[in-house]
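Under my numbering, residues 398 to 595 are what the sequence shown spells out, in order. Don't be surprised by glycine CBs; every beta carbon is placed ideally from N, CA and C. Quick caveat, the model's predicted, so the values are computed rather than measured. Please read the structure below before turning to the comments.
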Amino acid sequence: MLTLYRPGDGPWHRLPVGPKTAVLMLVVLGVSVLPSSWWGAVVSVAVCTGCYTVRGAGMRSLLAQVVTIRWILVITLAGQLVFTGLEGGTANTLRVCAAVVVSGLLPLTTPVGELLDMLERALRPLAWLRLDPQRAALTIAVTLSTLPVLARLEREVREAQRVRGGGRSLRLFVIPYLVVALKHADALGDALTARGVR
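Following this line, the structure appears as structure tokens:
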């Protein structure tokens, strides 16, 4: 299972998972309530960049996060431009980008084990609804760790398609991508079953 975690000794890495989650949630909330104006767009970018200039995170990680969500940003910008115009569309898209990328600092700077423990503790109050906190935490962790795997598989299929002269054909991309994605899902299911997860 691939993890987003990048080892380090910077402030984000040293901060305990609970307070770190609270700080990042407050930053994301603050970015989300900024106005849909050029000023709001500039502040969103500045806050996001500031979070990644802290030692241990780095601008390379910031750029990697933005590249990962590039299609979400394109779709968001297209819709926002239609309904809110240039200023509002740009500001809203940059706010979405900043919120997603800042929240990405949590899995980047926190080992999966610590994230699982935190999620399990946070979900314990829901046990009276017959929700198994351990299973729910594992489901969330598996989802978070599977997304980068699917992104990597997409890049590999695109590269193979380009090498074989397939161009950018969506038809020639979808079937191979579905095959490798389903193979990964099958392997993940077997691994979880082998560990007693049902």
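Practice task
Assign Leu431 to one of two classes, buried (16 or more other C-beta atoms within 10 Å of its C-beta) or exposed (fewer than that).
Solution key: buried
Handout entry: Distance between Val554 and Ala474 (C-alpha atoms, nearest Å)
Key = Before going on, a small fix: residue 474 reads as Leu here, not Ala. Distance between the alpha carbons of Leu474 and Val554: 26 Å.
Practice task
Tell me whether Thr507 sits in a helix, a strand or coil according to DSSP, three-state version.
Solution key: coil
Practice task
Determine contact between the stretch 458-475 and the stretch 498-506, defined as no fewer than three beta-carbon pairs at a distance below 8 Å.
Solution key: yes
Handout entry: Burial state of Gly486 (16 or more Cβ within 10 Å)
Key = buried
Handout entry: Contacts around Val442, its chain only, beta-carbon distance under 8 Å, and the 5 residues preceding and following it disregarded
Key = Leu491 and Ala495
Exercise for the section: Note down the Cα distance separating Arg467 from Cys445, rounded to an integer number of angstroms. Expected result: 16 Å
Problem - Distance, Gly562 Cα to Val414 Cα - result: 47 Å
Handout entry: Collapsed DSSP secondary structure at Phe537 in the structure displayed
Key = Position check: residue 537 holds Ile in this sequence, whereas Phe was assumed. DSSP places Ile537 in helix when its eight states are reduced to three.
Exercise for the section: Verify whether the separation of the beta carbon atoms of Gln531 and Glu511 is less than 8 Å. Expected result: no
Handout entry: Extent of the continuous alpha helix (DSSP H) to which Arg411 belongs
Key = Pro408 to Arg411
Practice task
Could you have a look at Asp529 and say whether DSSP puts it in helix, strand or coil?
Solution key: coil
Problem - Euclidean distance between Cα positions of Ala519 and Gly437 - result: 32 Å
Practice task
Rank Leu478, Arg549 and Thr506 by C-alpha distance to the C-alpha of Thr465 and give the top, closest one.
Solution key: Arg549
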